[in-house]
Amino acid sequence: MPGVGGDTLDRVPPRSRRARLSDVHDLASGMPHATIVPGPAGNPVYQVGGKSFVFFRTPRPDAVDPETGERYDDVIVIWVPAEDDKLALTQDPDTPFFTTDHFRGHLSVLVRGSRIPELTLRELTEVIQDAWLSRASAARARRWLAENGSGAAGST
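Here the UniProt record's numbering is used: position 37 in the sequence shown is 37, and no number is missing along the way.
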């Protein structure tokens with residue numbers, strides 16, 4: 001019977017299905033020259049050329065549940081190419097991206113891991129690719145764009 005036991009999701013084209021938290025790890029680690037370094041609490045930090053592009057953040061006082069005051073324990077920091085990209089993501093009420101005063105002036109957006117399924121895999125892929133491109137060396141970025149097409153990432 002269709003739709004039972006995940007059959008429906010299995011028939012959805014892979015790039016249009018809902019994103020999963022594991023996709024963040026798969027996409028970030030799958031980018032060229034990506035390395036994973038442990039953060040202060042063993043949390044994964046994905047880097048290219050020693051520059052972070054996806055960072056699983058530890059609970060901090062600037063990202064809290066507005067109702068309970070509890071610190072979010074699933075915040076992911078994702079770099080963006082420019083302030084305009086940050087504003088587009090954080091000011092769109094249809095996306096799960098946000099920022100805090102702590103990140104004012106920082107070219108990154110925040111997203112809770114629990115809200116990743118609000119994105120499609122295609123949307124998440126674009127954001128992770130843009131993050132990598134924004135932090136990779138110019139030569140690596142050019143090479144990646146040449147191999148994957150200049151339209152592979154959203155803002156390029």
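The C-beta atom is built at its ideal place from N, Cα and C for all residues, glycine as well.
As summarised for the region 90-114, the continuous beta strand (DSSP E) elements at least 3 residues long and confined to that stretch are 108-112, given in chain order. According to the DSSP assignment, A146 belongs to the alpha helix (DSSP H) that extends over 138-148. Within the same chain, no residue comes within 6 Å of Q91 by CB-CB distance, once the 5 residues on both sides are set aside. In this structure T58 is exposed. Its beta-carbon is surrounded by fewer than 16 other beta-carbon atoms within 10 angstroms. The Cβ atoms of F56 and P66 do not sit closer than 8 Å to each other.
For L89 against V109, the beta-carbon gap comes to about 5 Å, under 8 Å, which counts as contact. A distance below 8 Å separates the beta carbons of Y46 and S29. The secondary-structure analysis by DSSP pairs S52 across a beta bridge with Q47. Here DSSP, grouped into helix, strand and coil, assigns R71 to strand. When secondary structure is reduced to three states using DSSP, A34 falls in the strand class. The beta-carbon separation of D84 and D130, rounded to 12 Å, does not stay under the 8 Å limit for a contact. Taking all protein chains in view, the Cβ of V37 is surrounded by fewer than 16 other Cβ atoms within 10 Å, so the residue is classified as exposed. The alpha carbon of G113 has as its nearest neighbour, out of A138, A136, L133, V77, the alpha carbon of V77.
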